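Undergrad: full-length UniProt numbering puts the sequence shown at residues 1 to 617.
Don't be surprised by glycine CBs; every beta carbon is placed ideally from N, CA and C.
A quick note: this is a predicted structure, and the numbers were derived from the prediction, not measured.
The structure follows.
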Amino acid sequence: MKLYSSLSFKSKLLLFALCISLIPIVTITAVYYFTARSALKNQILEKLTAIAESKMLYVEQMMERKIIRVEDFSADGFIRKRFERIIHKEDSSVQSKVIRLNKYLSENKLPLYGHLLAIILVDKQGKVVSTTHKELINMNISDQEVFKQGMKKDYNEAYISQPQYFSPLHVNCIVASTPIVSEYSKEKIGLIINVYNLVSLNKTTTDYTGMGETGELYLVNRDKIMITKSRFIDDTPFKQIVDIEPVRRILDRNEEMIGIYHDYMNASVVGISRYMPEYGLILLVETHTTEAFAPLRALSITAVALLVVGTALVTLVGISFATLTSEPIKNLTKAAKKISDGGFGYKVRIQRGDEIGILADSFNTMSRELAKFIANLKRSERELLRHSTELKRSNEELQHFAYVASHDLQEPLRMISSYLQLIERRYKSKLDADAEEFITYAVDGANRLQTMINGLLEYSRVDSRGKSFELVDCETLFERALLNLEVTIKENNATITHDTLPTVMADSSQLLQVFQNLISNAIKFHGTAPPRIHISARRNENEWTFSVHDNGIGIEPEYTKQLFNIFKRLHGREYPGIGLGLSICKKIINRHDGRIWLESETGKGSTFYFTIPVHGT
């Protein structure tokens with residue numbers, strides 16, 4: 001925000017033009033790009049899904065055909081009869097029967113299916129009785145899974161393995177087995193095993209028609225081993241480990257996957273997985289993302305090119321717009337600076353019919369009026385300064401006069417009072433009652449005049465003898481005021497309470513005098529009930545407002561303003577004083593740049609308010 005505020009108006013206009021133009025362009029381009037990317041991804045996934053479904057169907061049909069083939073062989077009458085005679089050894093020509101059965105299997109059965117590697121007949125103990133491979137005769141294969149699982153099946157049920165290494169023949173293959181039952185007793189008498197090569201599987205998975213340069217499909221078994229050929233690596237069947245996300249999902253959670261992941265070469269691919277649990281096979285169909293999303297690169301280049309061209313055009317238009325708009329404002333700014341430097345009446349020259357032209361005309365009018373106003377203001381300032389100087393001199397003379405008058409009147413007044421008292425003592429017995437009364441009045445008048453002169457002297461010293469301001473804790477001042485008035489408080493049985501009082505910048509002696517005068521007044525002018533006085537303070541923006549509330553006799557509202565006049569008294573002689581305390585309070589508060597006023601009602605008490613500025617303002 002600070003950087004933006006420091007930019008010139010022209011730069012801000014240019015930035016604004018770029019923002020309102022580029023944001024929609026960038027937004028539309030981004031939305032179009034990601035929408036196209038999503039559509040392309042869906043298209044690719046749909047294509048891969050179709051390929052995967054087609055290939056999985058082919059594999060399942062192929063495995064089903066292998067099962068049907070072995071079941072068909074087990075039902076062959078010739079095979080069943082010869083096999084049963086051989087294992088029961090019904091005559092002495094067993095060897096010749098084995099040879100004939102081997103020949104039958106090799107010539108009549110093996111050629112029927114091009115991917116059939118071997119046919120093996122074993123008895124219930126796992127001993128090879130007849131086969132298309134003579135080296136297997138009499139070999140015991142009871143430890144082979146194909147034998148164990150096959151013997152568990154019923155007639156017309158078959159077991160088929162996932163692609164595996166078959167040790168008796170030392171080949172990678174698929175083996176299928178089904179029981180051979182007696183033609184007479186219908187009991188299991190052995191097992192027929194068909195051994196199939198993986199050519200058909202590899203042929204299926206190496207057909208990359210429609211899959212581009214990086215498309216690939218392959219089969220993985222439950223041990224995470226690739227069992228078909230890789231498009232990119234030689235000699236992978238039964239050697240390449242495929243521990244990737246879609247394989248783990250199927251084996252751990254039985255969950256197929258479609259999306260983007262890393263393949264067994266750690267390349268980023270778009271792929272799909274399909275699971276054939278009955279055969280223990282996982283089919284993966286993939287294509288590299290670089291090829292899959294290649295059309296997006298061209299789209300990206302086009303979008304970037306359009307963005308660059310659009311930015312350049314917008315920038316040129318923005319610069320032109322910013323220059324045309326900001327130049328007259330720049331001229332107005334220069335003119336305003338000239339005026340701020342004192343060049344009142346300066347005229348800006350902008351000839352335009354739009355709002356800026358109107359602003360320029362208004363500025364010129366303002367400049368003329370301002371020049372006139374400043375000239376008048378300077379004349380008024382000179383007059384004000386002259387009057388202020390005269391007033392200051394007059395106040396100083398008046399203050400000096402009050403001080404001198406009050407000070408110089410002290411001596412003759414004391415002489416008058418002293419001689420009157422001397423006459424009263426010496427000639428008291430020689431004077432009549434009227435003369436004594438007159439002398440008493442004269443002495444009393446002299447004493448009151450002495451008191452008034454002292455008060456006037458104190459009043460004049462508020463400004464002349466005031467101390468410099470400092471931070472003053474009003475709580476401490478309040479406690480000192482109570483201590484000074486302790487005797488008066490006790491004599492009048494007064495109760496004085498207060499809220500928390502602040503710290504202010506003030507003359508501590510004078511502020512103490514304000515507290516004492518206001519509290520003393522509240523005690524003095526109480527009614528029949530004992531005085532109850534409460535002092536509080538609250539902050540209002542840049543000043544503290546203090547209040548002194550009492551339950552005294554109160555004052556009529558029309559007299560509240562007169563109360564602060566010097567020597568103004570609203571009550572008779574029954575209340576002592578000369579009417580100067582509140583005048584001194586007002587003069588002290590004025591010296592502190594504050595205000596003082598009174599809110600009161602006869603018989604309901606009074607509240608004196610005064611303000612002191614918050615220190616530091």
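If you follow the beta strand (DSSP E) that Asn540 is in, where does it begin and where does it stop?
TA: Counted from its first residue, the sequence shown places residue 540 at position 540. Where Asn540 is concerned, the enclosing beta strand (DSSP E) stretches over Arg532 to Asn540.
Undergrad: Work out the CA separation of Lys467 and His571 for me, nearest whole Å.
TA: Taking the sequence shown and counting its residues from 1, the one referred to as residue 571 is at position 571. Taking the sequence shown and counting its residues from 1, the one referred to as residue 467 is at position 467. Annotation note: pLDDT 49 at His571 (below 50); position unreliable, coordinate value reported separately. His571 and Lys467: Cα-Cα distance of roughly 33 Å.
Undergrad: Let me check understanding here. Comparing Cα to Cα, which of Gly594, Ile533, Leu511 and Gly581 lies closest to Thr545?
TA: Start at 1 with the first residue of the sequence shown, and residue 545 comes out as number 545. For the residues Gly594, Ile533, Leu511 and Gly581, the minimum Cα distance to Thr545 belongs to Gly594.
Undergrad: So does Ala481 have its beta carbon nearer than 7 Å to some heavy atom of the ligand GDP?
TA: As far as ligands go, the structure on display features none, and thus does not contain the ligand GDP.
Undergrad: Using only the alpha-carbon positions, how far apart do Glu574 and Glu383 sit?
TA: Indexing the sequence shown from 1 puts residue 574 at position 574. Indexing the sequence shown from 1 puts residue 383 at position 383. In this prediction, Glu574 scores a pLDDT of 47, lower than 50, which makes its location untrustworthy; no coordinate-derived value is stated.
Undergrad: Going along the chain, which unbroken runs of the alpha helix (DSSP H) with 4 or more residues stay wholly within the segment 189-259?
TA: Those alpha helix (DSSP H) runs which fall completely within the segment 189-259 and span 4+ residues are 199-205 and 245-253.
Undergrad: What three-state label does DSSP hand Lys127 in the structure shown?
TA: Here residue 127 refers to the residue found at position 127 of the sequence shown. It is a strand residue.
Undergrad: Please name the residue in Ala36, Lys347 and His88 whose C-alpha comes closest to that of Ala371.
TA: For the purposes of this step, residue 371 is identified with residue 371 of the sequence shown, where counting begins at 1. Checked all of Ala36, Lys347 and His88; the closest Cα to Ala371 is Lys347.
Undergrad: Which stretch, first to last residue, makes up the alpha helix (DSSP H) that contains Val614?
TA: The residue you call residue 614 lines up with position 614 of the sequence shown. It is not in any alpha helix (DSSP H) - Val614 carries neither H nor E in the DSSP assignment.
Undergrad: Less than 8 Å between the C-beta atoms of Val59 and Met276, yes or no?
TA: Along the sequence shown, read from residue 1 onward, the residue named residue 59 stands at position 59. Along the sequence shown, read from residue 1 onward, the residue named residue 276 stands at position 276. Cβ atoms of Val59 and Met276: closer than 8 Å.
Undergrad: Does Pro549 come out as helix, strand or coil in the three-state DSSP assignment?
TA: On the sequence shown, position 549 is the one that residue 549 refers to. Note on identity: in this sequence residue 549 is His, with Pro being the wrong assignment. Strand, per DSSP.
Undergrad: So Ile596 is in the beta strand (DSSP E); what residue range does that whole segment cover?
TA: As a working note, residue 596 is residue 596 in the sequence shown. Per DSSP, Ile596 belongs to the beta strand (DSSP E) from Ile596 to Ser600.
Undergrad: I'd like the span of the beta strand (DSSP E) that includes Ala506, first residue to last.
TA: Taking the first residue of the sequence shown as position 1, residue 506 is located at position 506. From DSSP, the beta strand (DSSP E) with Ala506 extends over Thr503 to Ala506.
Undergrad: Give me the Cα-Cα distance between Phe78 and Asn102, rounded to the nearest whole angstrom.
TA: Working through the sequence shown from its first residue, we reach residue 78 at position 78. Working through the sequence shown from its first residue, we reach residue 102 at position 102. Distance between the alpha carbons of Phe78 and Asn102: 12 Å.
Undergrad: Take the Cβ of Gly271 as the centre, count every other Cβ of all protein chains shown within 10 Å, and call the residue buried at 16 or more, exposed below.
TA: Sequence index remark: in the sequence shown, residue 271 carries index 271 (1-based). Buried, by the Cβ-count rule.
Undergrad: When DSSP labels each residue in this structure, what does Arg274 get in the three-state scheme?
TA: As a working note, residue 274 is residue 274 in the sequence shown. It is a strand residue.
Undergrad: Which of helix, strand or coil does DSSP assign to Leu471?
TA: The residue given as residue 471 occupies position 471 in the sequence shown. Residue state, collapsed to three classes: strand.
Undergrad: Am I right that Lys291 and Gly212 are in contact with their C-beta atoms under 8 Å? What's the rounded C-beta distance?
TA: Numbered from 1 along the sequence shown, position 291 holds the residue referred to as residue 291. Numbered from 1 along the sequence shown, position 212 holds the residue referred to as residue 212. What sits at residue 291 in the sequence shown is Glu, not Lys. With a Cβ gap of about 5 Å, Glu291 and Gly212 count as contacting.
Undergrad: Answer yes if the segment 184-191 comes into contact with the segment 202-222, meaning at least three C-beta pairs across the two stretches below 8 Å, and no otherwise.
TA: Judged by Cβ distances under 8 Å, the segment 202-222 makes no contact with the segment 184-191, as fewer than three pairs qualify.
Undergrad: With DSSP run on the structure shown, which of helix, strand or coil describes Glu157?
TA: Against the sequence shown, residue 157 aligns to sequence position 157. Correct three-state label for Glu157: coil.
Undergrad: Report the rounded CA-to-CA distance for Lys47 versus Arg249, giving the unit in angstroms.
TA: Reading the sequence shown from its first residue, position 47 is the one you call residue 47. Reading the sequence shown from its first residue, position 249 is the one you call residue 249. Distance between the alpha carbons of Lys47 and Arg249 is about 22 Å.
Undergrad: Give the range of the alpha helix (DSSP H) segment to which Phe147 is assigned.
TA: The sequence position of residue 147 within the sequence shown is 147, counting from 1. It spans Glu145 to Met151 - the alpha helix (DSSP H) in which Phe147 sits, taken as one unbroken run.
Undergrad: From this set, Asp143, Arg480 and His133, which residue's C-alpha is nearest Gln125's C-alpha?
TA: In the sequence shown, counting from the first residue as 1, residue 125 sits at position 125. For Gln125, the nearest C-alpha among the options comes from Asp143.
Undergrad: Would you mind giving the Cβ-Cβ distance between Asn493 and Pro530, rounded to the nearest angstrom? I have them listed as a contact below 8 Å.
TA: The count along the sequence shown starts at 1 and reaches residue 493 at position 493. The count along the sequence shown starts at 1 and reaches residue 530 at position 530. Asn493 to Pro530, Cβ: 4 Å. Contact.
Undergrad: Assuming Ile160 contacts Leu198 (C-beta within less than 8 Å), just tell me the rounded distance between them.
TA: The residue given as residue 160 occupies position 160 in the sequence shown. The residue given as residue 198 occupies position 198 in the sequence shown. No, Ile160 and Leu198 are not in contact; Cβ-Cβ is about 13 Å, not under 8 Å.
Undergrad: Can you round the beta-carbon distance between Leu299 and Val26 to whole angstroms, since I take them to be within the 8 Å contact cut?
TA: Here residue 299 refers to the residue found at position 299 of the sequence shown. Here residue 26 refers to the residue found at position 26 of the sequence shown. Wrong, their Cβ atoms sit about 15 Å apart, outside the cutoff.
Undergrad: Report the residue from Ile180, Ile533 and Glu543 whose alpha carbon sits nearest the alpha carbon of Ile553.
TA: Taking the first residue of the sequence shown as 1, we reach residue 553 at position 553. That would be Ile533, whose Cα lies nearest to the Cα of Ile553.
Undergrad: List the endpoints of the continuous alpha helix (DSSP H) containing Gln95.
TA: Residue numbering aside, residue 95 sits at position 95 when the sequence shown is read from its first letter. Val94 to Tyr104 is the span of the alpha helix (DSSP H), which, as asked, contains Gln95.
Undergrad: Can you find at least 3 beta carbon pairs, one from the segment 115-125 and one from the segment 140-157, that sit closer than 8 Å?
TA: Yes, since at least three Cβ pairs between the segment 115-125 and the segment 140-157 fall closer than 8 Å, the two stretches touch.
Undergrad: So does the segment 581-590 actually touch the segment 506-514, counting three or more Cβ pairs closer than 8 Å?
TA: Enough Cβ pairs lie closer than 8 Å, so yes.
Undergrad: Who does Ile180 pair with in a DSSP beta bridge?
TA: As a first step, residue 180 is located in the sequence shown; it is residue number 180 there, counting from the start. DSSP, once it has assigned bridges, lists Gly190 as partnering Ile180.
Undergrad: Give a yes or no on whether the C-beta atoms belonging to Leu474 and Thr503 are separated by under 8 Å.
TA: Here residue 474 corresponds to residue number 474 of the sequence shown, with the count starting at 1. Here residue 503 corresponds to residue number 503 of the sequence shown, with the count starting at 1. In the sequence as presented, Leu is not what sits at residue 474; that position holds Cys. The answer is yes: Cβ separation under 8 Å.
Undergrad: Throw me the rounded Cβ distance for the Asn542 and Val614 pair, which I believe falls under 8 Å.
TA: Position 542 of the sequence shown, counted from the start, is the residue given in the question as residue 542. Position 614 of the sequence shown, counted from the start, is the residue given in the question as residue 614. Contact holds; Cβ gap of about 5 Å.
Undergrad: What separation, rounded to the nearest whole angstrom, lies between the Cα atoms of Val146 and Thr35?
TA: Along the sequence shown, one-based indexing puts residue 146 at 146. Along the sequence shown, one-based indexing puts residue 35 at 35. Val146 and Thr35: Cα-Cα distance of roughly 52 Å.
Undergrad: Using only CA atoms, which one of Thr205, Lys490 and Ile241 lies nearest to Ile51?
TA: For the purposes of this step, residue 51 is taken as the residue at position 51 of the sequence shown. Cα-wise, what sits closest to Ile51 is Thr205.
Undergrad: Grab me the residues of Leu15's own chain with a C-beta within less than 6 Å of its C-beta, minus the 5 sequence neighbours each way, in chain order.
TA: Here residue 15 corresponds to residue number 15 of the sequence shown, with the count starting at 1. The answer is none, since no qualifying residue turns up.
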